[in-house]
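Residue numbers (the working numbering): -10 to 202. Here the structure comes first, spelled out in structure tokens, and everything after it is commentary.
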């Protein structure tokens, strides 16, 4: 729908640019457009904020759809207002075309985000850096190490896999406790994260054969 709206705006903008219509009374129309833009802007920002907090693509999409309406309303107000003040009727269709192009860009980004949500994708570099910082805080060279760390997300869910290398003389209970402590720290930072860990002895050369996983 966003692409259809953008294409319609661009088409009508080009048509008005080639065949400029006379401007009529703008007072009531501009007032209604401004009120609609304000209301849609408030609701749209709230939806985007809540959707980002809860990692909901649907809410973010609804919010961005409303923001596309806001851009359209703002473009209409600015275009008509400037055309009315300056007498340059071509300003209105030119601004409409620019608004349509902007909506196309927003729609493309939204489609890309939705596609990433449907398919597994790695976490952002910032999130991966935060995870690496947690691992570094738990690491002890030669005693506790990590490799084969992989992260991915699918919609609102996040997943992490890792191999944790610990001293070979540790008991199963001690290794399990160390892993659980680490997982708690990660989940505290990423509540939607599901962590799968594999314990290996740090002194066994075979533990390093899967570093490239």
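Where a beta carbon is used, it is the ideal one built from N, C-alpha and C, also for glycine.
Can you tell which of the options has its C-alpha closest to the C-alpha of residue i?
{"i": "residue 86", "options": "182, 47, 176, -3", "result": "-3"}
{"i": "residue 117", "options": "75, 178, 79, 59", "result": "178"}
{"i": "residue 40", "options": "5, 145, 67, 112", "result": "145"}
{"i": "residue 153", "options": "-8, 143, 100, 172", "result": "172"}
{"i": "residue 58", "options": "25, 68, 46", "result": "25"}
{"i": "residue 138", "options": "96, 199, 49", "result": "199"}
{"i": "residue 212", "options": "33, 64, 63", "result": "Coverage of the chain is limited to positions -10 through 202, which leaves residue 212 absent and any answer about it impossible."}
{"i": "residue 187", "options": "194, 181, 180, 165", "result": "165"}
{"i": "residue 30", "options": "82, 120, 79, 51", "result": "51"}
{"i": "residue 5", "options": "84, 71, 119", "result": "84"}
{"i": "residue 189", "options": "180, 132, 71", "result": "132"}
{"i": "residue 174", "options": "53, 125, 78", "result": "125"}
Assuming residue i contacts residue j under a Cβ cut-off of 8 Å, what Cβ separation, rounded to an integer in Å, is found between them?
{"i": "residue 148", "j": "residue 183", "result": "5 Å"}
{"i": "residue 167", "j": "residue 176", "result": "No, residue 167 and residue 176 are not in contact; Cβ-Cβ is about 15 Å, not under 8 Å."}
{"i": "residue 111", "j": "residue 140", "result": "6 Å"}
Given a cut-off of 9 Å on the beta-carbon distance, is the pair residue i and residue j in contact?
{"i": "residue 92", "j": "residue 61", "result": "yes"}
{"i": "residue -1", "j": "residue 90", "result": "yes"}
{"i": "residue 127", "j": "residue 170", "result": "yes"}
{"i": "residue 96", "j": "residue 81", "result": "no"}
{"i": "residue 9", "j": "residue 79", "result": "yes"}
At which residues does the beta strand (DSSP E) containing residue i begin and terminate?
{"i": "residue 182", "result": "182 to 190"}
{"i": "residue 137", "result": "134 to 143"}
{"i": "residue 149", "result": "146 to 155"}
What does the Cβ neighbour count give for residue i, buried or exposed, with the cut at 16 atoms within 10 Å?
{"i": "residue 151", "result": "buried"}
{"i": "residue 113", "result": "exposed"}
{"i": "residue 143", "result": "exposed"}
{"i": "residue 55", "result": "buried"}
{"i": "residue 196", "result": "buried"}
{"i": "residue 88", "result": "buried"}
{"i": "residue 76", "result": "exposed"}
{"i": "residue 99", "result": "buried"}
Hey, quick one: how far does the alpha helix (DSSP H) through residue i stretch, first residue to last?
{"i": "residue 166", "result": "161 to 178"}
{"i": "residue 112", "result": "Run containing residue 112: none; DSSP gives neither H nor E here."}
{"i": "residue 52", "result": "46 to 75"}
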